[in-house]
Amino acid sequence: MSFIQRLKEDIQTVFKEDPAARSTLEVLFCYPGLHALWIYYFSNFIWSKDLKTLARFISHLGRFLTGIEIHPGAKIGRRFFIDHGMGVVIGETSEIGNDVLVYQGVVLGGVSQEKTKRHPTIGNKAVIGAGATLLGPIKVGSGVRIGAGSVVIKDVPDNATVVGVPGRVILPQVSKRVSGVELDHNKLPDPVIEVLHRLEQRIENVETKCKDQCES
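Numbered by numbering that gives the first Met the number 0, the letters in the sequence shown go through residues 0 to 215 in order.
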């Protein structure tokens with residue numbers, strides 16, 4: 000795929016993932032997530048030529064202009080979309096698959112000072128909700144949904160859902176998808192509440208049973 004085709008694909012991705020996008024002109028001028036991604040392409044190319052300081056400076060300019068920080072050493076797949084974007088941080092050794100959707104305030108951070116793999120790896124078709132924090136060289140599988148504000152510090156299997164602090168993994172479940180990415184991250188279940196509901200139901204059953212026995 001040529002560079003021009005890649006840019007066109009990025010624009011098409013915006014239309015697929017954001018119903019608020021109305022025109023190509025609007026997308027070109029009003030989507031900082033798209034601007035940050037294109038600046039990343041340039042800084043990543045410079046980084047690959049071993050011009051590390053220049054690449055970091057270009058990345059720094061991108062952060063100043065968009066509020067989004069993408070290290071030029073990160074690896075990002077196709078059709079990656081950052082919605083809104085302010086406060087997003089993607090560390091140097093982060094790896095992101097294809098068709099990944101990220102919301103504002105997401106952090107792919109490191110927990111080590113060693114010059115090794117220290118940032119998350121994200122599979123294809125994952126969605127990461129606003130304010131979520133993923134730390135360390137963890138592996139997040141394909142089709143994963145991470146709820147807003149979650150803190151993920153352990154590996155996540157394919158098609159699982161993660162919510163809470165620290166992140167709790169919920170078993171995979173079938174759901175409707177839009178453009179290959181699950182968008183209803185605001186409807187993610189809460190495993191703690193579900194357990195409490197089950198306990199409440201069991202207590203009611205026990206009380207009913209005891210009442211029937213007493214009456215008999």
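Using N, Cα and C, we set each Cβ at its ideal position, and we do this for glycine too.
Quick caveat: nothing in here was measured; it's all calculated off a predicted structure.
Would residue i be called buried (16 or more neighbouring beta carbons within 10 Å of its own) or exposed?
i: Val-205; result: exposed
i: Thr-65; result: buried
i: Leu-107; result: buried
i: Gln-4; result: exposed
i: Ile-286; result: Because the chain in this structure spans residues 0 to 215, residue 286 falls outside the shown range and cannot be described.
i: Leu-33; result: buried
For the alpha helix (DSSP H) containing residue i, name the first residue and the last one.
i: Ile-169; result: Careful: Ile-169 lies outside any alpha helix (DSSP H), inside the beta strand (DSSP E) at 167-169.
i: Arg-21; result: Arg-21 -> no alpha helix (DSSP H), and no H or E assigned at all.
i: Asp-9; result: 2-16
Can you list, in chain order, the residues of its chain whose CB lies under 6 Å from that of residue i, leaving out five sequence neighbours each side?
i: Val-173; result: Annotation note: pLDDT 46 at Val-173 (below 50); position unreliable, coordinate value reported separately. Answer for Val-173: no residue qualifies.
i: Ser-47; result: none
i: Phe-80; result: Thr-12, Glu-16, Leu-100
i: Glu-94; result: Lys-74, Thr-120
Does the distance from the CB of residue i to the CB of residue j come in under 9 Å?
i: Lys-124; j: Ser-141; result: yes
i: Arg-55; j: Gly-90; result: no
i: Val-143; j: Ala-159; result: yes
i: Val-105; j: Leu-133; result: yes
Assuming residue i is part of the beta strand (DSSP E), what are its boundary residues?
i: Leu-107; result: 106-108
i: Val-162; result: 160-162
Starting from the C-beta of residue i, find all residues in its chain whose C-beta is less than 8 Å away, skip the five residues before and the five after it, and write them out in chain order.
i: Ala-20; result: Val-13, Phe-14, Val-26, Tyr-30
i: His-59; result: none
Enumerate in chain order the residues of its own chain whose CB-to-CB distance from residue i is below 7 Å, with the five nearest sequence positions on each side excluded.
i: Ala-35; result: Gly-61, Thr-65, Ile-67, Ile-69, Ile-81, Gly-84
i: Val-155; result: Val-139, Gly-140, Val-143, Val-161, Val-168
Fully enclosed by the stretch 36-122, which beta strand (DSSP E) runs are 3 residues long or longer? 106-108
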